[in-house]
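K.L.:
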Amino acid sequence: MSDENYVLPEMGFATDFDAEERAQLGNFGEFLSLTDGDALIEEGQNQDSLFLVIMGTFHVQTEATGRPVLLGTLKAGSTVGEVNIFDPGNASASVVCKSIGEVWKIDRLRLEQYLEAHPRTAAKLLVNVSTQLSKRLRKTNEKVAMAREAMLDSF
Numbered sequence: 002m003s004d005e006n007y008v009l010p011e012m013g014f015a016t017d018f019d020a021e022e023r024a025q026l027g028n029f030g031e032f033l034s035l036t037d038g039d040a041l042i043e044e045g046q047n048q049d050s051l052f053l054v055i056m057g058t059f060h061v062q063t064e065a066t067g068r069p070v071l072l073g074t075l076k077a078g079s080t081v082g083e084v085n086i087f088d089p090g091n092a093s094a095s096v097v098c099k100s101i102g103e104v105w106k107i108d109r110l111r112l113e114q115y116l117e118a119h120p121r122t123a124a125k126l127l128v129n130v131s132t133q134l135s136k137r138l139r140k141t142n143e144k145v146a147m148a149r150e151a152m153l154d155s156f
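Just so we're aligned: the sequence shown equals residues 2 to 156 in the working numbering.
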């Protein structure tokens with residue numbers, strides 16, 4: 002941790018954190034500035050960090066089918082990288098900045114250090130991230146069901 006004070010904004014998984022909790026967590030990570038076209042995460046590359054989008058627009062895309070497919074768009078307050086925080090491995094998609102952007106990043110090692118140093122707020126963080134993951138999974142399930150139904154209707 003540096004002597005600088007990096008306070009996370011009150012958004013995303015930090016919405017219900019007070020200013021002191023957001024400062025504590027903020028200092029365990031780092032803020033990154035990006036510009037249009039910068040890759041935050043590259044598909045297939047090792048990925049062990051959790052990101053909170055502070056500002057900007059980011060596209061989540063994959064080339065798993067051999068051609069680029071837009072999976073979604075991230076804006077301020079969005080979280081990305083949650084899967085690899087809990088299940089380390091290679092990124093299943095790329096995340097590319099489509100404007101001027103800023104994100105906050107914490108890697109797994111720093112997150113584990115935060116868990117040890119601040120167990121109460123760390124538990125709140127993990128619940129909030131899990132809630133966001135659950136909401137994303139529900140939306141994905143709905144999309145898959147609609148796509149399957151559309152496929153079946155076309156026969």
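All residues carry an ideal CB built from backbone N, CA and C; glycine is no exception.
Assuming Ser100 is part of the beta strand (DSSP E), what are its boundary residues?
P.N.:
The sequence position of residue 100 within the sequence shown is 99, counting from 1. Taken as a continuous stretch (DSSP letters only), Ser100 belongs to no beta strand (DSSP E), as it is neither H nor E.
K.L.:
Taking the runs of the alpha helix (DSSP H) that are 4 residues or longer, which of them lie wholly in the segment 6 to 49?
P.N.:
Correct list: 20 to 27.
K.L.:
Which residues in the same chain have their Cβ closer than 7 angstroms to the Cβ of Ala94, if we skip the five residues on either side of it in sequence?
P.N.:
As a first step, residue 94 is located in the sequence shown; it is residue number 93 there, counting from the start. The residues are Glu44, Val61, Gln62, Thr63, Leu72.
K.L.:
Closer than 8 angstroms is the cut-off here; do at least three beta carbon pairs connect the segment 34 to 49 with the segment 94 to 109?
P.N.:
Touching, yes, given that three or more Cβ pairs across the two stretches are closer than 8 angstroms.
K.L.:
With respect to the alpha helix (DSSP H) encompassing Thr141, which residues constitute its N-terminal and C-terminal limits?
P.N.:
For the purposes of this step, residue 141 is taken as residue 140 along the sequence shown, with counting starting at 1. Looking at the DSSP string, the run of the alpha helix (DSSP H) that includes Thr141 is 120 to 154.
K.L.:
I'd like to know if the segment 79 to 93 and the segment 16 to 25 are in contact, where contact means that at least 3 CB-CB pairs between them fall below 8 angstroms.
P.N.:
No: the two stretches stay apart, fewer than three of their Cβ pairs being nearer than 8 angstroms.
K.L.:
Quick one: give me the first and last residue of the beta strand (DSSP E) that Gly73 is part of.
P.N.:
Against the sequence shown, residue 73 aligns to sequence position 72. From DSSP, the beta strand (DSSP E) with Gly73 extends over 70 to 75.
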